[in-house]
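As structure tokens, the structure follows; a few thoughts come after it.
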Amino acid sequence: MYTMKIKNIVGDNLRRLRQEIGLTQEELASRSGLSQGYINQLEGGKRRYTQKSIELIADALSVSVIEFFRDDGWEELPMVAERPEKYATKSAVTHKKKGHDNKEFLRLLKGLPEHVAEHYLTLLRLESEMWKDS
34 MYTMKIKNIV GDNLRRLRQE IGLTQEELAS RSGLSQGYIN QLEGGKRRYT
84 QKSIELIADA LSVSVIEFFR DDGWEELPMV AERPEKYATK SAVTHKKKGH
134 DNKEFLRLLK GLPEHVAEHY LTLLRLESEM WKDS
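Going letter by letter, the sequence shown gives residues 34 to 167 in this note's numbering.
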């Protein structure tokens, strides 16, 4: 049986950032209002983060939330998304279909459990932030 190891980007970055400023898990827990056990489980990839917990930890470490999602070498990966300018000349039919896709996207998002929807909203915010910077 083949098992794939999942990369713990958020936990690895959390540990690195915490250690860079010389905090113990207990000190970070105290600053963030979370438990030391929760911090330990996040770093070890044994527990999932929530939008609220990531925001509390980011505030406690004085970093942007995006820092938890950075992956070594991510800047070297080719850009897969197309620039929005490419779609400026599309026909009205395409725009109508795009509007339909937006409605479907919102319907699907509303149907997800709250913690999953929050996860996707966090990712969308990060993606939006990255596009603003480019």
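Glycine included, each C-beta is placed from N, C-alpha and C at the ideal position.
DSSP places glutamate 76 in the uninterrupted alpha helix (DSSP H) bounded by 69-77. Counting only the Cα atoms, lysine 165 lies some 34 Å from glutamate 60. Rounded to the nearest angstrom, the gap between the Cα atoms of leucine 67 and leucine 154 is 22 Å.
Arginine 64 places its beta carbon less than 7 Å from that of alanine 93.
Cβ neighbours of phenylalanine 102 within its own chain (closer than 7 Å, five residues either side excluded): Ile42, Val43 and Leu159. Between lysine 79 and the set Gly55, Asp104, Ile90 and Asp45, the nearest pair of CA atoms involves Asp45.
Close CB contacts of aspartate 104 within its chain, under the 6 Å cut and outside five residues either way in sequence, are with Ile42 (chain order). Between valine 98 and glutamate 88, the beta carbon gap of about 6 Å places them in contact (Cβ cut-off 8 Å). Going by C-alpha positions, leucine 75 is about 6 Å away from arginine 81. A straight line joining the alpha-carbon of glutamate 151 with that of alanine 91 spans about 16 Å. The Cβ-Cβ distance between alanine 62 and glutamine 52 does not fall below 7 Å. Proximity to threonine 83 across Leu157, Val149 and Glu162 peaks at Val149, based on C-alpha coordinates.
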